[in-house]
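Student:
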Amino acid sequence: MIQEAFLLFAYLATGFAHAQETGPRSNRPTTSGEDWTVEIVETVSDPSDSFGIASLGIDTLGVPQVAYETWRGTDWDARTLLWKQKRDGAWQPSELISSEAPTPRGSPERTNYMPAIAVDASGAPHLTYRRRCRDGDPGCATYLYNVIEHATLGGSGEWIRNRVSEGLADQGSSTIQVSPKGIAFVAYRWKTTAANDNIGFVASLDPQGSEWHSPCDIVSAVGNQEHISSALTAGGFPVLTCTTGVPADDSGSKRIGLAISTKTTGSDSVCAFGDLVFLEENKTLLPLGAEIDHIDHSAVAVGGPLGSENRVHVVANGSNNSEATGIYYTFADQDFSSLDSWSTPELIVPDGRHPSISVDSRGAAWIVCQVLDHDIYPRTRVQVVNGYPGQWSEPVEIDSEAGHQRLEWYEPAIVIGRKDRIHVLFNRGMQQLRHAWLDLPIARR
Numbered sequence: 144m145i146q147e148a149f150l151l152f153a154y155l156a157t158g159f160a161h162a163q164e165t166g167p168r169s170n171r172p173t174t175s176g177e178d179w180t181v182e183i184v185e186t187v188s189d190p191s192d193s194f195g196i197a198s199l200g201i202d203t204l205g206v207p208q209v210a211y212e213t214w215r216g217t218d219w220d221a222r223t224l225l226w227k228q229k230r231d232g233a234w235q236p237s238e239l240i241s242s243e244a245p246t247p248r249g250s251p252e253r254t255n256y257m258p259a260i261a262v263d264a265s266g267a268p269h270l271t272y273r274r275r276c277r278d279g280d281p282g283c284a285t286y287l288y289n290v291i292e293h294a295t296l297g298g299s300g301e302w303i304r305n306r307v308s309e310g311l312a313d314q315g316s317s318t319i320q321v322s323p324k325g326i327a328f329v330a331y332r333w334k335t336t337a338a339n340d341n342i343g344f345v346a347s348l349d350p351q352g353s354e355w356h357s358p359c360d361i362v363s364a365v366g367n368q369e370h371i372s373s374a375l376t377a378g379g380f381p382v383l384t385c386t387t388g389v390p391a392d393d394s395g396s397k398r399i400g401l402a403i404s405t406k407t408t409g410s411d412s413v414c415a416f417g418d419l420v421f422l423e424e425n426k427t428l429l430p431l432g433a434e435i436d437h438i439d440h441s442a443v444a445v446g447g448p449l450g451s452e453n454r455v456h457v458v459a460n461g462s463n464n465s466e467a468t469g470i471y472y473t474f475a476d477q478d479f480s481s482l483d484s485w486s487t488p489e490l491i492v493p494d495g496r497h498p499s500i501s502v503d504s505r506g507a508a509w510i511v512c513q514v515l516d517h518d519i520y521p522r523t524r525v526q527v528v529n530g531y532p533g534q535w536s537e538p539v540e541i542d543s544e545a546g547h548q549r550l551e552w553y554e555p556a557i558v559i560g561r562k563d564r565i566h567v568l569f570n571r572g573m574q575q576l577r578h579a580w581l582d583l584p585i586a587r588r
């Protein structure tokens with residue numbers, strides 16, 4: 144667990160990061176809205192229906208896959224979770240993953256499956272999502288709550304679904320990565336008490352997810368920890384970020400916590416999953432949001448120019464007095480638990496929210512977010528920015544068609560596939576899922 148004293152030290156530490164060497168300006172990829180191709184993935188069949196949170200995955204052949212929620216009217220109990228993929232140039236019929244809508248906590252309108260998706264080396268999808276605890280599941284007879292489930296396609300095309308953790312606790316959003324060996328790494332939010340959420344982590348023992356290690360808490364602190372994001376290092380080790388509270392801060396402000404796993408053993412390990420361990424010394428609060436009162440909704444990616452393949456990039460929302468300020472960015476190449484290793488935070492998209500990030504083969508970061516349209520409030524538009532630290536393109540609106548465009552607060556919403564094709568998934572008007580892609584002028588994969 145992250146100790147309060149350690150968190151407070153990280154937050155109060157002096158000497159914000161020094162800017163580090165960036166990628167060459169001549170390699171900075173820039174685009175215009177006309178460069179992007181946009182297609183419809185699916186449209187609701189009834190005007191009273193809508194789409195909820197969606198997540199994007201790309202297989203080794205560059206084929207996109209999506210996991211997404213459908214809502215029938217306002218009936219939360221009728222919500223379903225679906226998966227579909229594109230083959231031979233066309234989106235295939237969707238397949239049902241779950242029809243057990245999560246148990247409401249507060250307003251039913253805020254009840255979501257919160258799907259996350261990753262694709263393994265064989266092209267098989269791995270989904271995590273929350274669902275209602277079934278009658279007959281451990282604990283369900285005495286307490287209705289939500290559990291995290293993992294689903295993947297078996298060799299004969301059948302869906303294999305297994306519960307990630309048997310812990311009797313209300314579980315929320317999740318994020319998933321799959322190692323080159325096919326092992327699933329899942330981080331998730333779970334409620335300890337009515338006023339506190341922790342961030343748990345667990346790894347599968349087999350590629351199908353039929354067996355799992357015992358989970359542990361990566362973050363345990365007073366308040367609600369939330370908005371988890373994950374990535375893998377070049378060696379296949381998970382990196383996690385989340386929104387977490389700041390000890391001894393009566394204002395209730397949030398900061399971004401980071402944890403990086405390693406193969407090195409140590410006496411201060413938080414938990415171990417075979418050869419993989421998280422060490423207390425490899426966790427910190429990032430130097431984001433020093434001049435603002437609240438920061439959340441982080442996203443993390445790993446990759447960089449030659450020699451910096453394990454560069455860790457983090458983006459997050461920043462706000463003042465509950466008003467959107469924009470998307471902040473920082474990165475580090477090593478010594479991730481030292482604040483001096485992190486670059487000076489940059490505001491790269493004013494008024495941006497809900498960021499997702501990926502890195503191309505040259506080490507350039509690509510960030511998608513939704514941006515408030517001040518001309519038609521409260522409409523938002525999906526925009527993409529790309530480049531290197533200190534060398535960013537202007538934000539580009541990738542779909543000029545009118546309407547309210549949004550990225551749900553979940554991610555990933557941007558994934559880079561074969562030959563550096565940039566893929567983005569977004570929601571238009573809550574009633575149409577759209578997929579946009581861009582091919583860089585010179586493919587480097």
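Numbering (the working numbering), first residue to last: 144 to 588. Beta carbons are placed, not taken as given, at the ideal position from N, Cα and C, and that holds for glycine.
Anyone know if the C-beta pair for Val-558 and Val-539 falls short of 9 Å?
Tutor: Against the sequence shown, residue 558 aligns to sequence position 415. Against the sequence shown, residue 539 aligns to sequence position 396. Going by C-beta atoms, Val-558 is not nearer than 9 Å to Val-539.
Student: Look up Glu-537 in the DSSP assignment and say whether it is helix, strand or coil.
Tutor: Working through the sequence shown from its first residue, we reach residue 537 at position 394. Three-state result, Glu-537: coil.
Student: Just confirm the distance between the C-beta atoms of Gly-310 and Pro-358, as a whole number of angstroms; I'd bet it's less than 8 Å.
Tutor: Counted from its first residue, the sequence shown places residue 310 at position 167. Counted from its first residue, the sequence shown places residue 358 at position 215. That pair is a contact at about 7 Å.
Student: What residues in its chain sit with their C-beta under 6 Å from that of Ser-169, if we drop five residues either side in the sequence?
Tutor: For the purposes of this step, residue 169 is taken as residue 26 along the sequence shown, with counting starting at 1. With a pLDDT of only 42 at Ser-169, under the threshold of 50, the placement of this residue in the model should not be trusted; the figure read from the coordinates follows. Closer than 6 Å at the Cβ level, and outside the excluded window around Ser-169, lies no residue.
Student: Report, in whole angstroms, the separation of the C-beta atoms of Arg-275 and Thr-246, which I expect to be a contact under 8 Å.
Tutor: Along the sequence shown, read from residue 1 onward, the residue named residue 275 stands at position 132. Along the sequence shown, read from residue 1 onward, the residue named residue 246 stands at position 103. Yes, Arg-275 and Thr-246 are in contact; Cβ-Cβ is about 5 Å, under 8 Å.
Student: Taking the continuous beta strand (DSSP E) assigned at Asn-289, which residues delimit it?
Tutor: Here residue 289 refers to the residue found at position 146 of the sequence shown. Note, Asn-289: beta strand (DSSP E), 289-296.
Student: Short of 6 Å in beta carbon distance, which residues of its chain neighbour Gly-589, apart from the five on each side in sequence? Order them along the chain.
Tutor: There is simply no residue 589 to check, as the chain begins at 144 and stops at 588 in what is shown.
Student: Give me the residue from Asn-529, Arg-577, Glu-554 and Asn-305 with the minimum Cα distance to Ser-543.
Tutor: By one-based count along the sequence shown, residue 543 stands at place 400. For the residues Asn-529, Arg-577, Glu-554 and Asn-305, the minimum Cα distance to Ser-543 belongs to Arg-577.
Student: Closest to Asn-367 by CA distance: which of Gln-351, Leu-348, Lys-397 and Asp-518 is it?
Tutor: Along the sequence shown, read from residue 1 onward, the residue named residue 367 stands at position 224. The shortest Cα separation from Asn-367 among Gln-351, Leu-348, Lys-397 and Asp-518 belongs to Lys-397.
Student: With distances taken between CB atoms, is the gap from Thr-593 to Ala-442 smaller than 9 Å?
Tutor: With the chain running from 144 to 588 in the structure shown, residue 593 is simply not present.
Student: Who are the Cβ neighbours of Thr-203 in its own chain at under 7 Å, not counting the five residues just before and after it?
Tutor: Here residue 203 refers to the residue found at position 60 of the sequence shown. Taken in chain order, the residues that qualify are Ala-264 and Gly-266.
Student: Within the same chain, show all residues whose beta-carbon is closer than 8 Å to that of Asn-570, passing over the 5 residues directly before and after it, in chain order.
Tutor: To locate residue 570, count along the sequence shown from 1; it is residue 427. Here the set comprises Phe-194, Ala-197, Gln-548, Arg-549, Leu-550, Glu-551, Leu-576 and Arg-577.
Student: Assuming Asp-178 contacts Leu-490 (C-beta within less than 8 Å), just tell me the rounded distance between them.
Tutor: For the purposes of this step, residue 178 is taken as the residue at position 35 of the sequence shown. For the purposes of this step, residue 490 is taken as the residue at position 347 of the sequence shown. With a Cβ gap of about 25 Å, Asp-178 and Leu-490 do not count as contacting.
Student: List the residues that DSSP assigns as beta-bridge partners of Arg-332.
Tutor: By one-based count along the sequence shown, residue 332 stands at place 189. Its beta-bridge partners are Ile-342.
Student: Take Val-420 and list the residues in its own chain whose beta-carbon comes closer than 8 Å to its own, dropping the five residues that flank it on each side.
Tutor: Against the sequence shown, residue 420 aligns to sequence position 277. Result list for Val-420: Ser-404, Thr-405, Lys-406, Thr-407, Thr-408, Gly-409, Ser-412, Val-413 and Cys-414, in chain order.
Student: Do three or more CB pairs link the segment 314-330 to the segment 370-379 at distances below 8 Å?
Tutor: Yes, the segment 314-330 is in contact with the segment 370-379.
Student: Per DSSP, what are the beta-bridge partners of His-547 in this structure?
Tutor: Taking the first residue of the sequence shown as 1, we reach residue 547 at position 404. Answer by DSSP bridge pairing: none, since His-547 is not bridged.
Student: Pop quiz: Ile-361 and Gly-343 are said to be a contact at Cβ under 8 Å. What is the actual Cβ separation, rounded to whole angstroms?
Tutor: In the sequence shown, residue 361 corresponds to position 218, counting from 1. In the sequence shown, residue 343 corresponds to position 200, counting from 1. Yes, Ile-361 and Gly-343 are in contact; Cβ-Cβ is about 7 Å, under 8 Å.
Student: Do Arg-273 and Ser-317 have their C-beta atoms within less than 9 Å of each other?
Tutor: The sequence position of residue 273 within the sequence shown is 130, counting from 1. The sequence position of residue 317 within the sequence shown is 174, counting from 1. For Arg-273 and Ser-317, yes; Cβs fall inside 9 Å.
Student: Give the list of continuous beta strand (DSSP E) stretches no shorter than 3 residues that lie fully inside the segment 205-257.
Tutor: Listed in chain order, they are 207-214, 223-230 and 238-241.
Student: Give the secondary structure of Glu-309 by DSSP, where H, G and I count as helix, E and B as strand, and everything else as coil.
Tutor: As a first step, residue 309 is located in the sequence shown; it is residue number 166 there, counting from the start. In the structure shown, Glu-309 sits in coil (DSSP, three-state: anything other than H, G, I, E or B).
Student: Please classify Asp-340: is it buried, with 16 or more other beta-carbons within 10 angstroms of its beta-carbon, or exposed?
Tutor: Along the sequence shown, one-based indexing puts residue 340 at 197. Asp-340 should be labelled buried.
Student: Distance check for Ala-312 and Met-573, CA to CA, integer angstroms please.
Tutor: On the sequence shown, residue 573 is found 430 positions in, with the first residue counted as 1. On the sequence shown, residue 312 is found 169 positions in, with the first residue counted as 1. Each residue's alpha carbon lies about 31 Å from the other.
Student: Taking 6 Å as the limit between beta carbons, can you name the residues of its chain near Val-502, skipping five residues before and five after?
Tutor: As a position in the sequence shown, residue 502 is number 359, starting the count at 1. Around Val-502: Ala-444, Gly-446 and Ala-508.
Student: What's the C-alpha gap between Gln-228 and Ala-210?
Tutor: Here the question's residue 228 lines up with position 85 in the sequence shown. Here the question's residue 210 lines up with position 67 in the sequence shown. Rounded to the nearest angstrom, the two C-alpha atoms are 9 Å apart.
Student: Please classify Gln-519 as buried or exposed, where buried requires at least 16 other C-beta atoms within 10 Å of its C-beta.
Tutor: Locating residue 519 in the sequence shown gives position 376, where the first residue counts as 1. The sequence given here has Ile at residue 519, not Gln. Its Cβ having fewer than 16 others within 10 Å, Ile-519 is exposed.
Student: DSSP three-state label for Leu-422, please.
Tutor: Stepping through the sequence shown from its first residue, residue 422 is reached at position 279. In the structure shown, Leu-422 sits in a strand (DSSP, three-state: E or B).
Student: Would you report the Cα separation of Leu-422 and Glu-292, rounded to the nearest angstrom?
Tutor: Within the sequence shown, residue 422 is the residue found at index 279, counting from 1. Within the sequence shown, residue 292 is the residue found at index 149, counting from 1. Their backbone Cα atoms lie some 26 Å apart in a straight line.
Student: What separation, rounded to the nearest whole angstrom, lies between the Cα atoms of Val-206 and Thr-335?
Tutor: Within the sequence shown, numbered from 1, the residue matching residue 206 stands at position 63. Within the sequence shown, numbered from 1, the residue matching residue 335 stands at position 192. Whole-angstrom Cα-Cα distance: 39 Å.
Student: Could you give the distance in angstroms between the alpha-carbon of Thr-213 and the alpha-carbon of Leu-225?
Tutor: Stepping through the sequence shown from its first residue, residue 213 is reached at position 70. Stepping through the sequence shown from its first residue, residue 225 is reached at position 82. Looking at the two C-alpha atoms, the distance is approximately 8 Å.
Student: Alpha carbon to alpha carbon, what distance is there between Ile-500 and Pro-381?
Tutor: As a position in the sequence shown, residue 381 is number 238, starting the count at 1. As a position in the sequence shown, residue 500 is number 357, starting the count at 1. If you take the alpha carbons of Pro-381 and Ile-500, they lie about 16 Å apart.
Student: With 16 other CB atoms within 10 Å as the buried threshold, where does Ala-327 fall?
Tutor: By 1-based counting over the sequence shown, the position of residue 327 is 184. Buried, by the Cβ-count rule.
Student: Can you tell which of Arg-505, Val-492, Tyr-531 and Gly-530 has the C-alpha that lies nearest to the C-alpha of Val-514?
Tutor: Counting from one through the sequence shown, the residue named residue 514 turns up at place 371. Out of Arg-505, Val-492, Tyr-531 and Gly-530, Val-492 has the C-alpha closest to the C-alpha of Val-514.
Student: Using the C-alpha atoms, what's the distance from Gly-352 back to Gly-469?
Tutor: In the sequence shown, residue 469 corresponds to position 326, counting from 1. In the sequence shown, residue 352 corresponds to position 209, counting from 1. Distance between the alpha carbons of Gly-469 and Gly-352 is about 38 Å.
Student: Which first and last residues belong to the beta strand (DSSP E) in which Asp-478 is found?
Tutor: If you number the sequence shown from 1, residue 478 lands on position 335. Run containing Asp-478: none; DSSP gives neither H nor E here.
Student: Give the C-beta separation of Trp-485 and Pro-430 to the nearest angstrom, bearing in mind that I take them to be a contact with Cβ-Cβ under 8 Å.
Tutor: On the sequence shown, residue 485 is found 342 positions in, with the first residue counted as 1. On the sequence shown, residue 430 is found 287 positions in, with the first residue counted as 1. Indeed they touch by this definition, with Cβ atoms about 5 Å apart.
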